[in-house]
Ligand code: NDP
Ligand code: BG6
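In full-length UniProt numbering, the protein residues as written are 113 to 634.
Below, the structure written as structure tokens:
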């Protein structure tokens, strides 16, 4: 194609098409990515008995296998403290198969081919000896049996464990279970990466002492969501948006996350974390970064991440008083409140809702309020971005457009029901000159056959780890800046005498704190 923008769209730098094949095949989701070239692979899920491993990691790994996207030679090892036989482990994986391929044509047949490649190893996260026995098992069951002339085998460790055992697990990997010879070792770490600047510093040095930055893959699964991946394409592969993507045309931006359910069983984790650390400091900040950064020099990971870091450094410091907080309460209809949950201490002040305005001190965004808000146990499930444009200048319609719709708005709905649409004012057809709000719609499920089968974010991300593609992973200095931005505010709101405390709001409704701050547009 002679259109350079069109070339930007599908060509993630990681998709290798075999020499001589037609590069247009890269458009097809059915193309076999050239994963075999990555050599034999052992994937170890550390914390294999846990919630994340069952809900996300195993289903995603199986889905990649189902779609022929794993290397030809691979094994999966579950690692955790409890005793479990290989058979029981395979049963467990079978029972957790919640992935999108469950109704796939060959699902049962592919599962039969997958399970014999899965093994379990009992171990303790802070005992290097158990990583040594894991290493021996991988060599004996897999690497020693590879055909002569195979590439050096690689190892991927997925740390699906509580943050308290990230560092000892990484140490065990380094001391006793690294890939041999020229094979690579990659370690996936899940958020939360610490709980503030200081604890991130400790975690960073502990991981940095045993792994290189190249080997660490920090996951923020929002970066793997289809619509979040599309933000760069939307902005930089279309000529229409970039000229108006600035303070001269945009009045405000809202980035919103809402869930209709509470902590339900995760209170032990959540009460110590709160909504600001759980959703805002990572998921919403990543969406903001991709939405607001300058165009990167190229699509390579370092170029993209340089731009994200530059943007985050331009955000003005946040104080506790910049936040509105909420906590859901029991309703007369019997919906439990946050403090009714077993794991929540009475009188907990942990916010389950928060909103604040980011102000960016750069030429593109100065003066444009960027509202981010997140909450649990609200009225609906939605994650979306709303870019609101300034009203039209002049008024040849006698105020009528403003009555139909004050401002054009571009909505990027990440979930559910992925969509991008623009709210515009349009003449209603007919002999009158009536104006109404209408929508220019890109509803994924109408636009693409493929949208019936959008991969889970974890599939995209695990595939990228195998391919060594880092653009969707969070770099060390990004996490550091994200914590530097939120830590003073968190310290302020968590101080014993803090006046910024959550407002109680009935579960299932929107907190009054969700109202726009009075100076939002000033
Ligand atoms: P779990 O609490 O389910 O823990 C995972 C496993 O770790 C457990 O099965 C247990 O295995 C072991 N474990 C639990 N507590 C301890 C402890 N105190 N010391 C040592 N081992 C322990 O965690 P999740 O699966 O929910 O989360 C794993 C990681 O992923 C965390 O960092 C979490 O923040 C992150 N995450 C989780 C999400 C989710 O939806 N669950 C979403 C996004 C991120 P055993 O006792 O068998 O060894
Ligand atoms: C996780 C949070 O990171 O993201 C959870 O820890 C939250 O509290 C979840 O429910 C939301 O993810 P998704 O993909 O369901 O929007």
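All C-beta atoms in this analysis are idealised placements derived from N, C-alpha and C, irrespective of residue type, glycine included. Please read these numbers as outputs of a predicted model, since none were measured by experiment.
Have a look at residue 157 and residue 237 and give me their C-alpha separation to the nearest angstrom.
-> The residue labelled residue 157 in the question sits at position 45 within the chain shown. The residue labelled residue 237 in the question sits at position 125 within the chain shown. Whole-angstrom Cα-Cα distance: 12 Å.
Environment of residue 159 [buried if 16+ CB atoms lie within 10 Å] = Walking along the chain shown from the start, residue 159 turns up at place 47. By the neighbour-count criterion, in which 16 or more other beta carbons inside 10 Å mark a residue as buried, residue 159 falls on the buried side.
May I ask whether a heavy atom of the ligand NDP can be found less than 7 Å away from the beta carbon of residue 455?
-> Taking the first residue of the chain shown as position 1, residue 455 is located at position 343. No, since every heavy atom of the ligand NDP falls outside the 7 Å radius drawn around the Cβ of residue 455.
Let me know if residue 405 comes out buried or exposed under the rule of 16 or more other beta-carbons within 10 Å of its beta-carbon.
-> Counted from its first residue, the chain shown places residue 405 at position 293. Burial call: buried.
Rounded straight-line distance, which links the Cα of residue 150 to that of residue 579 = The count along the chain shown starts at 1 and reaches residue 579 at position 467. The count along the chain shown starts at 1 and reaches residue 150 at position 38. Their Cα atoms are separated by approximately 7 Å.
What three-state label does DSSP hand residue 578 in the structure shown?
-> Within the chain shown, residue 578 is the residue found at index 466, counting from 1. Residue 578: helix per DSSP, three-state reduction.
Own chain, CB closer than 7 Å to residue 121, minus 5 neighbours either side, in chain order | Counting from 1 along the chain shown, the entry for residue 121 is found at position 9. Here the model assigns residue 121 a pLDDT of 35, short of 50, so the residue's position is not dependable and the matter cannot be decided.
With DSSP collapsed to three states, give me the class of residue 522.
-> The residue you call residue 522 lines up with position 410 of the chain shown. Looking at residue 522 - three-state DSSP - the assignment turns out to be strand.
Examine the Cβ distances between the region 243–261 and the region 193–213 and report whether three or more of them are shorter than 8 Å.
-> Short answer: they don't touch.
Straight-line Cα distance separating residue 382 from residue 284 = Locating residue 284 in the chain shown gives position 172, counting from the first residue. Locating residue 382 in the chain shown gives position 270, counting from the first residue. Rounded to the nearest angstrom, the gap between the Cα atoms of residue 284 and residue 382 is 27 Å.
Which residue from 455, 423, 454 and 436 puts its Cα closest to that of residue 477?
-> By 1-based counting over the chain shown, the position of residue 477 is 365. Proximity to residue 477 across 455, 423, 454 and 436 peaks at 423, based on C-alpha coordinates.
Which of helix, strand or coil does DSSP assign to residue 562?
-> Your numbering for residue 562 matches position 450 in the chain shown. Three-state DSSP puts residue 562 in a helix.
Please specify which runs of the beta strand (DSSP E), each continuous and at least 3 residues long, are wholly inside the region 296–349, giving them in chain order.
-> If only uninterrupted beta strand (DSSP E) runs of at least 3 residues are considered, those enclosed by the region 296–349 are 297–302 and 328–331.
Straight-line Cα distance separating residue 357 from residue 518 | Start at 1 with the first residue of the chain shown, and residue 518 comes out as number 406. Start at 1 with the first residue of the chain shown, and residue 357 comes out as number 245. Looking at the two C-alpha atoms, the distance is approximately 18 Å.
Proximal residues to residue 379 (C-beta, below 6 Å), its chain only, five neighbours per side dropped = As a first step, residue 379 is located in the chain shown; it is residue number 267 there, counting from the start. Once the five neighbours on either side are set aside, the close Cβ partners of residue 379 are 453, 455 and 456.
In terms of DSSP beta bridges, what is residue 472 paired with?
-> Along the chain shown, one-based indexing puts residue 472 at 360. Paired residue(s): 427.
Could you give the DSSP three-state label for residue 601: helix, strand or coil?
-> Locating residue 601 in the chain shown gives position 489, counting from the first residue. Reduced to three states, the DSSP call for residue 601 is helix.
Chain-order list of residues whose beta-carbon lies under 6 Å from that of residue 219 (same chain, five-residue window excluded) = By one-based count along the chain shown, residue 219 stands at place 107. Only 213 meet the Cβ criterion.
If residue 272 and residue 169 are in contact, beta carbons under 8 Å, what's the gap, nearest whole angstrom?
-> The count along the chain shown starts at 1 and reaches residue 272 at position 160. The count along the chain shown starts at 1 and reaches residue 169 at position 57. Taking 8 Å as the upper bound for CB-CB distance, residue 272 and residue 169 are in contact here, some 6 Å apart.
Considering only residues of the same chain and omitting the five flanking positions on each side of residue 443, which have a CB-CB separation below 6 Å?
-> Taking the chain shown and counting its residues from 1, one reaches residue 443 at position 331. Here the set comprises 618 and 619.
Do three or more CB pairs link the region 483–499 to the region 362–375 at distances below 8 Å?
-> Touching, per the Cβ criterion.
Is residue 563 closer than 8 Å to residue 570 when the C-beta atoms are compared?
-> Counting from 1 along the chain shown, the entry for residue 570 is found at position 458. Counting from 1 along the chain shown, the entry for residue 563 is found at position 451. No.
Residue 495: beta carbon under 7 Å from a heavy atom of the ligand BG6?
-> Counted from its first residue, the chain shown places residue 495 at position 383. It does: the Cβ of residue 495 is within 7 Å (strictly closer) of some heavy atom of the ligand BG6.
Could you tell me whether any non-hydrogen atom of the ligand BG6 is closer than 7 Å to the CB of residue 527?
-> For the purposes of this step, residue 527 is taken as residue 415 along the chain shown, with counting starting at 1. Yes, Cβ of residue 527 sits closer than 7 Å to a heavy atom of the ligand BG6.
Residue nearest to residue 304 in terms of C-alpha spacing, selected from 297, 332, 359 and 322 = Mapped onto the chain shown, residue 304 falls at position 192. The alpha carbon of residue 304 has as its nearest neighbour, out of 297, 332, 359 and 322, the alpha carbon of 332.
C-beta atoms of residue 500 and residue 364 nearer than 8 Å = As a working note, residue 500 is residue 388 in the chain shown. As a working note, residue 364 is residue 252 in the chain shown. Cβ atoms of residue 500 and residue 364: closer than 8 Å.
Residue range of the alpha helix (DSSP H) that includes residue 252 = Stepping through the chain shown from its first residue, residue 252 is reached at position 140. 240–253 is the extent of the alpha helix (DSSP H) around residue 252.
Is the beta carbon of residue 223 sitting closer than 8 Å to the one on residue 186?
-> Your numbering for residue 223 matches position 111 in the chain shown. Your numbering for residue 186 matches position 74 in the chain shown. A distance of 8 Å or more separates the beta carbons of residue 223 and residue 186.
Element boundaries [beta strand (DSSP E), containing residue 190] = As a first step, residue 190 is located in the chain shown; it is residue number 78 there, counting from the start. Note, residue 190: beta strand (DSSP E), 186–192.
Helix, strand or coil at residue 502 according to DSSP, with G and I counted as helix | For the purposes of this step, residue 502 is identified with residue 390 of the chain shown, where counting begins at 1. Reduced to three states, the DSSP call for residue 502 is coil.
Residue 600 and residue 547 closer than 8 Å at C-beta | Walking along the chain shown from the start, residue 600 turns up at place 488. Walking along the chain shown from the start, residue 547 turns up at place 435. Taking C-beta atoms as the reference points, residue 600 and residue 547 fail to come closer than 8 Å.
What's the C-alpha gap between residue 164 and residue 505?
-> If you number the chain shown from 1, residue 164 lands on position 52. If you number the chain shown from 1, residue 505 lands on position 393. The straight-line gap from Cα to Cα measures roughly 51 Å.
Nearest to residue 608 (by Cα), restricted to the options 561, 493 and 459 = Indexing the chain shown from 1 puts residue 608 at position 496. Taking only the C-alpha atoms, the option nearest residue 608 is 459.
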